[in-house]
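For reference, the structure is listed below as structure tokens.
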Amino acid sequence: EQTHQLPEDEIGQLRLAFSMGFADWKLFLTALDRHRRFVHGQFEQVFSASGTDDQSSARASADFEGLWAGTLEAGSAERLLDDAGCDDSSEVLRLLHAFRDSSTLRGMGARGRARLDRLMPLLLGAITEAPAPAQAFARVMEVIEAIAGRSAYLALLVEHPMALSQLVRLCAASPWITDQLAHHPLLLDELLDPRQLYAPLRREDLERQVAVRLAQVAEDDLEQQMDSLRHFRQTAVMRVAAADVMGVTPLMVVSDYLTEIAEVILNRVLELCWQHLVSRHGIPCFRAEGQLQEAGFIVVAYGKLGGIELSYGSDLDLVFVHNSRGSEQLTVGQKSIDNSIFFARLGQRIIHFLNTLTPAGVLYEVDMRLRPSGASGLLVTSLEALADYQEHEAWTWEHQALVRARVVAGDPSLNKAFAEVRRRVLERERDPVALKTEVREMRERMRKELAERDPARFDLKQGVGGIADIEFMVQYHVLRFAHDHPKLLVWSDNIRLLEVLAAADLLAPDDAGFLADAYRAYRARVHQLTLQEQPAVVALHEFTDLRERVATLWRSTME
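Residue numbers (the working numbering): 109 to 667.
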């Protein structure tokens, strides 16, 4: 029944409550009222920003128009902002005067200036709803200055009060989001519909959306393909950040979202680069076991992407692997080339696609130093060479890194072959004393080189009892016990590895649960600090109990 009326009879009320998953009408009505209050608050925020709800708002709007126009005396202007709830009226006035006298404003055309004259009073009204109005105004003004020369964006904010409301809300919550909006004004379109803005896309929807975007670009237009993927990533990550700062999405899901975005992009970049080279040189093939076979290629992720723990602004630790071997290692095409040249060009093109700075920014920063022999090694390595290196030359810290390695794009059969190499290397039986010494010494070296030096501050990542201590303990246990416990090789993320260690009685369940909780708490704080554009360092009094217990577990395990 399509209606806006709630049932008044008891049977109808129970039927509706049950259909909505509530045990009785009272519980349903409590939840409904909570949603009603939220929606009402949103409408009040929108219409107070637009100045159209009642007579008092109309007067306030007129006063803000006078404030923007500069017709109010200094005392009156400051009282207006104070009465509206501004926490630092003098700072808002300073910023307002500086903008009004700026070269940006003097260079605006008549249409843009008219739209700005309509927008600024609305903005002044809207910032008074923020927790720290002066700070919110300073951040929003970064965006306004960036779009001042593009009057269509000014019109968008004037004509859509919800977009202006969300702009203030997000800028107030995060300078990182402010910076994204200022550098990529196309993201302002995302503010029009909060239902989408605070609902990040999952993998299937991401894949569908990126396919639609690229279908509108010519196959041979590399520049447009690069920009299209950059806009796609910015939009997708903005949704994650918006949901994150508003508390809609828990930490582990934030990392899942960011990881899925990166994986979808890497798969599409590989596909585009592969098609480009195949169209020119044909498919790389090789002869082995008496048969001509197509060569495969995979992208292996290490670090945060490999561990499904990506954060905002994380770079991607990648290794490129192919399986060409035997004889006749050539592409099958009119301009045939050696497979080694094909794969080297493929790797170079992928990095160019990801790393190049275009008007739309950088897609991802890429770190290739974890490939065999590091920066001095080949850009793309064969699976045979990778296996030989890992089994005979790699250091223990490289095996630690392999714990977090997994294939994120490329040939499925080569994916399985890589997983077998990884399993073979990690399940090797090791001398526990030598292993413990090597892991501990690498951790001490990292801390000495990378940790925060200020004794009054706690480095969440590298400090004693911090994130890296937990990661190293997990990696030590995997290398120590994988020989007898192959389930440790199924996952690459720390939380699930801790669960496996607890289930196998390799770590006390209480200790494993504590380490998982500490890891989540630390990473949640790192996310928060990133969105505030601050380093992953906090005051010493934060996380005191967590830090001390992690350090105690480190000493009992590793020393």
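Glycine included, C-beta positions come from ideal geometry on N, C-alpha and C.
Since the model is a prediction, treat every value here as computed from it, not as a measurement.
query                                                                                                                                                                                 : result
Residue ranges of each alpha helix (DSSP H) run of no fewer than 4 residues wholly in the stretch 239-290, ordered along the chain?                                                   : 241-255, 259-267, 269-281
What residues match up with I391 in a beta bridge as DSSP calls it?                                                                                                                   : V440
When DSSP builds the beta bridges, which residues end up paired with F428?                                                                                                            : V407, V488
Is G688 helix, strand or coil when you go by DSSP?                                                                                                                                    : The first residue shown for the chain is 109 and the last is 667, placing residue 688 beyond what the model contains.
Under the rule that 16 or more other beta-carbon atoms within 10 Å means buried, what is G257, buried or exposed?                                                                     : exposed
So if DSSP puts G220 in a beta bridge, which residue, or which two residues, is it bridged to?                                                                                        : BP columns for G220 are empty, so no partner.
May I have the straight-line CA-CA distance separating F155 from A263, to the nearest angstrom?                                                                                       : The predicted position of F155 is uncertain, since its pLDDT is 47 and thus under 50; a value taken from the coordinates is nonetheless stated next. Spanning the two alpha carbons is a distance of roughly 17 Å.
So is E557 buried or exposed if we call it buried at 16+ other beta carbons inside 10 Å?                                                                                              : exposed
Among F526, V377, A647, L623, which residue has its Cα nearest to the Cα of I459?                                                                                                     : V377
Could you tell me if P269 is buried or exposed, where buried requires 16 or more neighbouring beta carbons within 10 angstroms of its beta carbon?                                    : buried
Going straight from the alpha carbon of D171 to that of L188, what length do you get?                                                                                                 : 8 Å
From the DSSP output, in three-state form, read off S435 for me.                                                                                                                      : strand
Taking the runs of the beta strand (DSSP E) that are 3 residues or longer, which of them lie wholly in the stretch 522-603?                                                           : 565-567
Does DSSP put V645 in a helix, in a strand, or in coil?                                                                                                                               : strand
Where does F651 land, buried or exposed, given buried means 16+ other C-beta within 10 angstroms?                                                                                     : buried
List the DSSP bridge partners of A396.                                                                                                                                                : Q399
In terms of alpha-carbon separation, which member of E331, A620, L278, E315 lies closest to L299?                                                                                     : L278
In three-state terms, what does DSSP make of R477?                                                                                                                                    : coil
Can you tell me the Cα-Cα spacing of G159 and L232, whole angstroms?                                                                                                                  : Per-residue confidence for G159 stands at a pLDDT of 42, beneath the threshold of 50, marking its modelled position as unreliable; the derived number appears in the next sentence. Spanning the two alpha carbons is a distance of roughly 11 Å.
Determine the extent of the beta strand (DSSP E) in which A517 is found, giving its start and end residues.                                                                           : 514-518
Using the beta-carbon count (16 or more within 10 Å), is H635 buried or exposed?                                                                                                      : buried
Out of curiosity, what's the CA-to-CA distance linking V429 and L486?                                                                                                                 : 10 Å
Pick out the complete alpha helix (DSSP H) segments inside the stretch 280-361, 4 residues or longer, and give them in chain order.                                                   : 283-291, 302-305, 311-323, 330-353
How many Å lie between L296 and L230 at the Cα?                                                                                                                                       : 17 Å
Can you give me the C-alpha to C-alpha distance between R657 and Y365, rounded to a whole angstrom?                                                                                   : 30 Å
Compare the beta carbon distance of R338 and A517 with 9 Å and say whether it is the shorter of the two.                                                                              : no
Work out the CA separation of R145 and T138 for me, nearest whole Å.                                                                                                                  : 11 Å
Work out the CA separation of A185 and A192 for me, nearest whole Å.                                                                                                                  : 11 Å
Please work out which residues of its chain come closer than 6 Å, Cβ to Cβ, to A396, disregarding the five sequence neighbours upstream and downstream, and give them in chain order. : R433, G434
Let me know if S164 comes out buried or exposed under the rule of 16 or more other beta-carbons within 10 Å of its beta-carbon.                                                       : Residue placement at S164 cannot be trusted, given a pLDDT of 48 that sits under 50; what the coordinates show is reported in the next sentence. S164 is exposed by the Cβ-count criterion.
Would you tell me roughly how many angstroms separate the C-alpha atoms of I391 and G455, rounded to the nearest one?                                                                 : 15 Å
Quick check: what's the CA-CA separation for N447 versus H389?                                                                                                                        : 10 Å
On the DSSP letters alone, give me the boundaries of the alpha helix (DSSP H) that I459 sits inside.                                                                                  : 447-463
Does the beta-carbon distance from L418 to V474 come in below 9 Å?                                                                                                                    : no
For T466, which of helix, strand or coil comes out of DSSP?                                                                                                                           : strand
Does the distance from the CB of S600 to the CB of A513 come in under 9 Å?                                                                                                            : yes
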